[in-house]
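Have a look at the structure below, then the notes.
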Amino acid sequence: MRTLFFKNKPFIMKHFYKKICLLAGFIGLLASASLAQTRVTGRVLDETAGEAVIGATVLEKGTSNGTITDFEGKFALSVKDLNATLVINYTGYTSKEVQLNGQTNLDVTLAEDNGILEEIVVVGYGVQRKSDLTGAVGTVKAKELERIPTASLEQALQGKLAGVYISPSSGEPGAGATIRIRGTGTLNNASPLYVVDGMLLDDISFLNPQDVASVEVLKDASSTAIYGNRGANGVIIITTKRGLTDTKASFTLNTYYGTQQIAKKLPLANASQFAEMYNELKGNNYYPDPAALGEGTDWQDVIFRDAPMANVQLGVGGLWKKLNYNLSGNLFDQQGIMEETSFRRYTGRVNLEYPVLKSLRVGTNMAYSNYKFNTVGGGVLGGMYRMPPVFAARDSTGDFTDPTFFGQSIGNPAADLFYKNDQYARVNRLVGSVYANWTFLKHFTFRTNYGFDRRRDYFYGFEPVFMVSSSQLNNEERTARDTAKIQNWLWENTLTFDKTWDILRLNVLAGQTAQEYTFNKRRTINDILQPNGEENSDWAMLSYLGRVNATFYDRYLLTASIRADGSSRFNKNNRWGYFPSVAAGWNVSQEPFMRGFKLFDRLKLRASWGITGNDKIQNYPSLGIITPELYGAFNDTIQSGATLTNYANADVRWETTEQTDFGVEFGLFKGKLTAEIDWFRRYTYDILGDLPIPDYVGSGSNPFVNAAQVENVGWDFTVLWREVKRKFSYNFGVTISPIENKVLKLNDGKSEIFEARTGQGDFATRTVVGLPIGAFYGYQVEGVFQNQEEIDSAPKFGSEKPGDFRFADLNGDGKLSADDRTYLGSPIPTLIYGLNAGFEAFGFDLAVDFFGVKGNKVVNAKAVSRFDTPNWEKIWYDNHWTGEGTSNSVPRVTNGGHNYRMSDFLVEDGAFFRLRTVAVGYSLPKSWLDHARIRNARLYASGTNLWTKQTYSGYTPEFPNDSVFKAGMDFLNYPMAKTILFGLNVTF
Amino acid sequence: MSKLFKYFSVAILVLLAVTGCQKDFLDRKPEGRLTFEEFFQTEAHALEATNAVYAQYREFDMCALPYLSCTDILSDDADKGSTLNDAPLISDLDNFTLDATNPYVAPVYRGHYRAIARANLAIENIPNIDMDATLRSRLVGECKLLRAYSYLLLVQWFGDLPLITKTLQGDEYYSQTRQDKNLVYDQIEADLKEAIGVLPDKNGYAQADKGRATKAAAQGLLAKLYMIKKDWANAEIQCMDIINSTQYSLLNRYADNFLPIGENGSESIFEMQTVALPTQQAAGPGSSPYNMVQGVRGIPNLGWGFNRPSDNLVSAYENGDPRREATIIYVGEILPDGSTQVQDNPEIINERFNQKAWVPAHSGLQDNGPGNLRILRYADILLLAAEAKNEQSKAAEALPLLNLVRKRARGTNNFILPDVTVTDQSLLRERIYRERRVELAMEQHRWFDLLRWGRAAQVMTAAGKTGFVPGKHELLPIPQTEVDLTSGRIVQNPMY
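Chains as they are written, first to last, in numbering that gives the first Met the number 0: chain A, 0 to 987; chain B, 0 to 495.
Structure representation (structure tokens):
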């Protein structure tokens with residue numbers, strides 16, 4: 000049957016490359032392999048109730064051979080001989096070891112644990128018992144991730160972890176997310192480091208979330224300092240699924256199909272409203288009868304659609320002879336809610352581990368992925384926003400409407416969708432690692448791990464000859480092709496000493512790593528290499544690391560680590576950075592004096608301090624690179640020209656973050672309530688930034704400088720109530736993260752950093768000491784000038800007319816100038832929170848996740864986009880000034896100019912609260928499945944982004960801006976979708 | 000224990016293996032690119048660095064919307080042009096309602112300081128290169144001329160300036176202040192005098208280098224500086240030097256100056272060289288957007304239609320002056336190459352285009368503009384000479400120079416543009432001023448002429464530009480970002 004299964008599913012398999020096909024054949028072999036060992040059967044029962052314990056792991060001690068109990072608590076396991084010892088584990092119960100002594104059938108009873116869960120947590124370069132942990136580490140398991148159907152793991156993590164702020168990049172198919180761990184501690188790239196099965200990466204778009212077994216987020220310096228220079232913004236460790244240590248192959252099928260639609264539409268003026276406003280703008284009756292025009296075209300209906308998404312995942316894992324394997328193939332296909340956009344990804348994963356010798360294990364974790372983003376050229380979104388609703392997509396003759404009749408250089412978005420849809424970005428990528436683990440002298444382990452990320456990025460764009468208007472045309476067929484080759488390898492060698500004495504558990508780690516990244520890109524149009532069309536870049540890093548973990552009497556914990564990093568990005572003198580950390584923990588509940596104290600079944604206090612760094616800026620900030628192709632054009636021919644146009648800063652050095660963390664973890668009511676509370680202070684200095692320099696310097700770009708000091712102080716609260724009964728279980732969890740971001744100092748005698756230009760070129764943010772990074776800055780609107788007398792007697796710029804904004808003269812000098820600008824709010828939420836709840840009974844399961852932020856502002860920057868906005872948002876129509884006494888909040892109709900200055904008119908509340916997911920599932924009863932030899936089958940339905948409470952007028956108050964200076968600015972992005980889907984998980 | 004030692008030795012050897020090559024491993028630079036340390040080593044580098052200064056003048060900021068906004072459109076020669084709502088903030092320059100954040104002012108400031116930075120770098124580093132000494136000093140001279148040209152424009156626009164004559168280092172980025180404009184004048188004078196000393200005449204260049212800065216170009220710019228300073232005697236000397244060199248003469252047909260045939264012709268003293276090569280990009284490597292942004296908008300579709308010759312300019316010509324036809328494209332007119340008739344574009348009121356920016360069909364798209372940017376013509380020098388002489392009460396010497404220009408404009412039609420005979424200093428001054436306007440209209444000289452004549456306020460008011468505030472608008476505002484970034488060390492111009 001299993002062989003058949005693969006024969007019948009060539010649909011996915013045929014899309015994989017040869018290697019994967021070969022492996023599929025190999026799986027067939029595995030499935031039919033017979034086994035010849037001694038077989039032991041038995042049952043695992045609850046000690047007090049005598050009922051079956053379902054899903055307990057049964058392991059042959061000293062091996063990776065094991066199984067899990069079924070719905071009746073039964074297990075069967077083949078062991079080497081009948082003197083073996085079995086180790087039985089189940090969450091919530093104390094682990095038990097049973098020596099077989101010749102028995103082939105046995106019942107094992109487990110006693111409930113008093114809340115001390117010996118969870119194992121993945122940390123940098125190793126694993127640790129959760130109780131031994133001195134750092135702040137958040138964990139999310141596969142089960143919680145699977146509920147959110149998305150191509151990107153980042154999006155699935157939203158709201159799951161305290162102190163982790165995740166904002167989806169956009170609703171675009173396949174989009175990732177912006178992640179901030181414990182605030183924004185830098186002026187440049189504030190994204191965390193990803194470690195996927197030991198490979199250090201900045202981009203995990205290749206990763207199929209369903210291959211992920213667990214995600215650990217390292218937040219404090221005690222856990223991140225081992226990653227040294229890349230730890231400052233937090234570290235996300237991703238572990239992909241391994242084969243169960245079961246002799247039987249376990250097959251899984253996960254599939255879902257769903258549909259997405261735009262979560263919220265923008266209220267824009269309709270045709271008659273537009274015509275009215277246009278008449279006012281022109282001061283004539285260009286449209287004699289606006290009302291007759293009616294609704295007109297809502298251009299959102301032209302470019303958006305309901306779009307399907309589908310996912311199929313097939314996997315097999317288990318143990319064949321001594322080879323532990325887990326193989327999977329996945330197809331994810333998402334049409335975008337904007338026409339002509341889609342994302343499709345094929346992934347194949349091979350995770351293998353084999354004990355060559357008793358002391359030597361070798362293995363690999365490898366994923367091949369091929370993904371493709373179909374996109375549209377031109378400015379479809381901008382066209383939608385600006386296109387007058389008086390036009391239809393096509394005119395009466397069937398041609399695309401030419402909107403330049405208005406003297407606007409807008410493109411008809413329907414024409415862009417039609418002519419510019421033949422373009423895509425495709426990525427071919429092989430990411431993984433191969434490793435060997437050699438245990439010697441009993442307590443030593445040497446591990447060598449070679450990780451790699453080899454990718455080819457390919458962009459293709461074809462534009463036919465077409466003509467819609469004088470500003471929307473293409474005179475010549477163009478085929479653009481960009482090819483990029485990106486290679487990244489990492490070689491890590493670590494030596495670990497691990498020994499347990501009666502009073503002491505000691506783990507000592509020393510290691511050395513090297514990493515190299517190269518990037519080569521070629522741009523061609525019609526197969527001709529373009530000027531400056533070759534781009535080459537590289538960086539390298541060399542590191543040494545060491546760590547000691549010591550646990551005394553199971554209750555006194557001590558961790559110290561250090562990492563030295565050498566980065567090619569800095570000059571010789573500044574190249575090496577040293578990143579130490581120390582931490583201590585105290586398991587109070589293990590103290591003898593706590594024995595009689597029944598309230599806490601777990602109580603731990605911990606404190607950590609450490610230093611991490613960040614060098615995630617361009618690759619050559621300290622090198623002046625000569626710009627070529629600055630030609631002389633003498634005698635009607637080209638003469639080669641080149642010079643230094645972009646200044647560098649030879650003295651640029653590490654950005655450094657010093658973090659202090661105090662945490663308490665406790666469990667109450669026999670482990671039903673668990674809580675983790677942390678206070679932290681992240682102090683970042685020598686912050687790297689390519690800050691604007693005055694134009695008189697003459698540099699074409701801004702050199703990186705060590706520019707500022709920033710502090711993030713906050714709390715992470717995680718509280719979880721979970722009760723597991725025999726018939727039902729439920730849980731309720733809350734994460735709350737209040738945080739305060741403040742700039743402490745700006746270097747080089749600077750008192751302010753201006754950034755984030757809006758459509759008219761004004762700076763929208765000003766970063767100063769005492770306020771958050773990228774705080775909004777501009778004029779304060781006092782009202783609208785009602786008549787000329789008001790203008791004459793008020794402070795003004797000079798060109799105001801009745802109906803224009805009256806800005807506040809904040810410095811009281813009787814006139815308006817740039818000095819009257821002021822702080823208009825912070826883009827950084829002061830509170831991030833998540834709520835989640837789950838319930839399981841009679842085979843049904845229900846899960847609900849909420850996510851919200853508070854305390855931040857956003858700027859509707861799209862409303863002041865380039866040139867002007869031919870159409871207006873409906874709020875402008877509803878409230879705009881049309882004569883004395885008509886409005887004091889929205890100005891008269893203008894296109895650009897005075898009323899489009901950066902002011903609090905554009906600033907809105909960024910708070911929102913969203914029902915991120917709701918999922919309902921039903922697991923088919925075991926009795927139905929048994930004779931089909933199916934272990935588990937679950938049907939489910941889930942909804943994403945179904946409901947959001949927000950005051951912001953735009954699509955969503957979350958924006959995909961990488962720059963911390965533009966964090967809360969809406970430049971019009973691909974809107975968010977809400978999704979409803981149905982799925983099936985089967986294991987057999 | 001010896002076993003343990005063996006294991007550790009192996010581990011340490013592995014570590015050393017990687018560490019051993021650490022020096023090379025961490026020294027990185029982009030493949031196929033030179034770093035500054037490797038540059039300025041050879042004669043080729045010196046040439047490249049000099050060419051790179053010229054290249055900057057073809058940038059959008061330096062010759063397209065920002066430049067035209069701060070010259071012709073600011074003056075009474077031209078209006079914003081294009082359609083009403085296209086680039087509305089240019090109207091704030093046209094109408095003098097601009098403030099310090101206007102997005103068409105900052106680019107000219109930025110663009111010229113970038114040119115200055117490229118020139119500074121070349122001037123600092125070329126002298127240290129082991130190469131042909133004559134070529135070396137010529138290249139430095141070219142860069143000095145270009146630096147002087149940029150400062151000459153900037154000082155007229157903005158007044159006092161941060162005077163940057165060397166490559167700034169990191170600790171100097173924010174600490175500059177504005178220097179008195181007389182110090183800027185001194186710098187321009189020094190640079191141009193050095194250029195005059197080393198630059199060849201136009202015949203001194205090989206054919207392949209046709210269009211590089213010449214001695215006469217430096218003299219012409221120096222004459223302009225002296226005119227600004229009202230140093231009439233020195234201005235006269237420089238102009239007469241050029242005139243007496245007999246290297247230059249007026250073309251027979253005025254209109255030819257602006258056609259391909261006039262490029263680097265006998266009347267041309269300095270042009271920024273531009274060429275449209277076949278290209279797959281919108282704009283090829285030697286092109287400029289100057290022609291496109293002023294090109295006919297509508298049918299034929301030649302460009303964006305900015306910088307529209309104003310009503311005021313139309314009425315500034317004497318009856319029958321053929322220079323009006325050569326300067327302005329009207330609706331219904333057939334283009335100079337006879338290719339097309341310009342159709343009425345209903346989007347544009349009073350449709351007119353700058354004919355001096357018109358170019359015939361060329362390789363590539365509109366963006367690939369081929370027209371050389373005319374900086375200095377012989378006619379300009381003749382009129383400057385006439386003006387300088389008249390200011391020194393040498394009307395008799397001034398008149399022939401002025402009439403040379405009128406005679407050429409007149410061509411064979413003796414019924415128009417009679418010779419000027421007036422000798423009264425102030426009356427002749429008016430005639431010279433008017434002649435400069437119509438002869439050089441739409442060539443981006445008018446605003447600067449009004450400034451040095453002290454007539455900006457008078458003329459702007461007369462042209463109905465009611466926004467003009469005397470004592471304020473003779474200078475453009477320093478870009479607000481510059482004031483913001485230096486925490487006010489760069490002081491704003493009065494009343495902005």
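Where is the CB? At the ideal position from N, CA and C, for every residue including glycine.
*Whose C-alpha, out of A:PRO826, A:ASP201 and A:GLN260, is nearest the C-alpha of ILE235 of chain A?*
The shortest C-alpha separation from ILE235 of chain A is found at A:ASP201.
_Distance check for ASP848 of chain A and SER219 of chain A, CA to CA, integer angstroms please._
Here residue 219 of chain A is Asp; the residue named in the question, Ser, does not match the sequence. If you draw a straight line from the Cα of ASP219 of chain A to the Cα of ASP848 of chain A, it comes to about 25 Å.
*What's the gap between the Cα of GLN479 of chain B and the Cα of ALA606 of chain A?*
GLN479 of chain B and ALA606 of chain A: Cα-Cα distance of roughly 48 Å.
*Any chance you could list the alpha helix (DSSP H) runs of at least 4 consecutive residues sitting entirely within the segment 276 to 317 of chain B, in chain order?*
Here the runs fully enclosed are 289 to 293 and 310 to 313.
*In its own chain, which residues sit with a C-beta less than 6 Å from the C-beta of HIS361 of chain B, not counting the 5 before and 5 after it?*
Once the five neighbours on either side are set aside, the close Cβ partners of HIS361 of chain B are ALA275 and PRO369.
*Compute the distance between the beta-carbons of GLY140 of chain B and LEU224 of chain B, then report whether it is under 8 Å.*
Taking 8 Å as the cut-off, the Cβ atoms of GLY140 of chain B and LEU224 of chain B do not count as close.
*asked:* Is there a C-beta anywhere in chain A that falls below 8 Å from the one on TYR56 of chain B?
replied: By this cut-off, TYR56 of chain B is not an interface position.
*Whole-angstrom C-beta distance between GLY304 of chain B and VAL313 of chain B, which should lie under 8 Å*: In fact, because the Cβ distance is near 17 Å, the residues do not count as touching under 8 Å.
*Output the distance between the C-alpha atoms of THR950 of chain A and PHE970 of chain A, rounded to the nearest integer angstrom.*
Distance between THR950 of chain A and PHE970 of chain A, taken at the CA atoms: about 18 Å.
*Within 8 Å (strictly less), CB to CB, does ALA35 of chain A reach chain B?*
Its pLDDT being 40, under 50, ALA35 of chain A is placed unreliably by the model, and nothing is read from it.
*What does ASN50 of chain B touch in chain A if you count any residue whose Cβ is under 9 Å from its own?*
The CB of ASN50 of chain B comes closer than 9 Å to the CB of LEU629, TYR630, GLY631, ALA632, PHE633, GLN638, SER639, GLY640, ALA641 and THR642 in chain A, given here in chain order.
*Per DSSP, cross-strand counterpart(s) of ASP677 of chain A*: In the DSSP output, where bridge partners are listed per residue, ASP677 of chain A has A:GLY662 and A:ASP715.
*Could you tell me if GLY24 of chain A is buried or exposed, where buried requires 16 or more neighbouring beta carbons within 10 angstroms of its beta carbon?*
Residue confidence for GLY24 of chain A is low, a pLDDT of 39 falling below 50, so the modelled location carries little weight; the figure read from the coordinates is stated next. With a 10 Å radius around the Cβ and a threshold of 16 neighbouring Cβ atoms, GLY24 of chain A comes out exposed.
_Buried versus exposed, by CB contacts within 10 Å (16 or more), GLN471 of chain A_ = Buried.
*Output, in chain order, the set of chain A residues within a Cβ distance shorter than 9 Å of ASP26 of chain B.*
At a beta-carbon threshold of 9 Å, the residues of chain A lying near ASP26 of chain B are ALA539, SER567 and LYS571, ordered along the chain.
*Could you name each continuous alpha helix (DSSP H) segment of 4 residues or more that falls completely within the segment 21 to 77 of chain B, going from the start of the chain to the end?*
Entirely contained in the segment 21 to 77 of chain B, the alpha helix (DSSP H) runs reaching 4 residues are, in chain order, 21 to 25, 42 to 55, 59 to 62 and 64 to 68.
*So, is ASN181 of chain B buried or exposed, given that buried needs 16 or more other C-beta atoms within 10 angstroms?*
Per the 10 Å Cβ criterion, exposed.
*Residue-chain proximity (THR176 of chain B, chain A), Cβ-Cβ < 8 Å*: When Cβ-Cβ separations below 8 Å define contact, THR176 of chain B makes no contact with chain A.
*Using the beta-carbon of each residue, which ones in chain B are nearer than 9 Å to ILE738 of chain A?*
Within 9 Å Cβ-Cβ: nothing; ILE738 of chain A doesn't reach chain B, min ~28 Å.
*Can you tell which of A:THR766, A:VAL892, A:ARG554 and A:THR238 has the C-alpha that lies nearest to the C-alpha of ASN350 of chain A?*
Ranking A:THR766, A:VAL892, A:ARG554 and A:THR238 by Cα distance to ASN350 of chain A puts A:THR238 first.
*Using a Cβ cut-off of 8 Å (strictly closer), state whether TYR432 of chain B contacts chain A.*
Not an interface residue.
*If you measure beta-carbon to beta-carbon, which residues of the segment 693 to 726 of chain A are closer than 8 Å to chain B?*
Listed in chain order, the positions of the segment 693 to 726 of chain A with a beta carbon within less than 8 Å of a beta carbon of chain B are PRO693, ASP694, TYR695, VAL696, GLY697, SER698, GLY699, PRO702 and VAL704.
*Can you find a CB in chain A that lies within less than 8 Å of the CB of ARG135 of chain B?*
Closer than 8 Å: no.
_Beta carbons nearer than 7 Å to chain B: which residues of the segment 524 to 538 of chain A have them?_
Per Cβ criterion, the list reads ILE524, ASN525, ILE527, GLN529, PRO530, GLU533, ASN535, SER536, ASP537 and TRP538.
*Could you tell me whether the Cβ of GLY140 of chain B comes closer than 8 Å to any Cβ of chain A?*
It does not: the Cβ of GLY140 of chain B has no partner Cβ on chain A nearer than 8 Å.
*Can you give the beta carbon distance from THR626 of chain A to ALA649 of chain A, rounded, assuming they're within the 8 Å contact cut?*
So it is not a contact: roughly 18 Å between Cβ atoms.
*What are the partner residues of TYR423 of chain A, as DSSP defines its beta bridges?*
Per DSSP, A:ASN373 and A:TYR459.
*Please confirm whether ILE738 of chain A and ASN711 of chain A have their CB atoms less than 8 Å apart.*
For ILE738 of chain A and ASN711 of chain A, yes; Cβs fall inside 8 Å.
*Kindly confirm or deny that the segment 349 to 368 of chain A and the segment 418 to 437 of chain A touch, where touching means at least three C-beta pairs closer than 8 Å.*
Touching, yes, given that three or more Cβ pairs across the two stretches are closer than 8 Å.
*With a threshold of 16 other CB atoms inside 10 Å of the CB of ILE67 of chain A, please say whether the residue is buried or exposed.*
Buried, since its Cβ has 16 or more Cβ neighbours within 10 Å.
_Residues in the same chain with beta-carbon distance under 6 Å from GLY319 of chain B, minus the five sequence neighbours each way, listed in chain order, please._
The residues are ILE415.
*Endpoints, the alpha helix (DSSP H) within which ILE115 of chain B is located*: Where ILE115 of chain B is concerned, the enclosing alpha helix (DSSP H) starts and stops at 105 to 124.
*Have a look at A:LYS498, A:PHE716, A:SER249 and A:TYR630 and flag the residue whose alpha-carbon is nearest the alpha-carbon of GLU47 of chain B.*
Nearest option by C-alpha distance: A:TYR630.
*Please specify which runs of the alpha helix (DSSP H), each continuous and at least 4 residues long, are wholly inside the segment 403 to 443 of chain B, giving them in chain order.*
Runs found: 424 to 438.
_GLU515 of chain A, enclosing beta strand (DSSP E) - first and last residue_ = Looking at the DSSP string, the run of the beta strand (DSSP E) that includes GLU515 of chain A is 503 to 524.
*Cβ-based contacts, 8 Å cut-off: residues of the segment 743 to 760 of chain A near chain B*: The residues in question are ASP747, GLY748, LYS749, SER750, GLU751, PHE753, GLN759 and GLY760.
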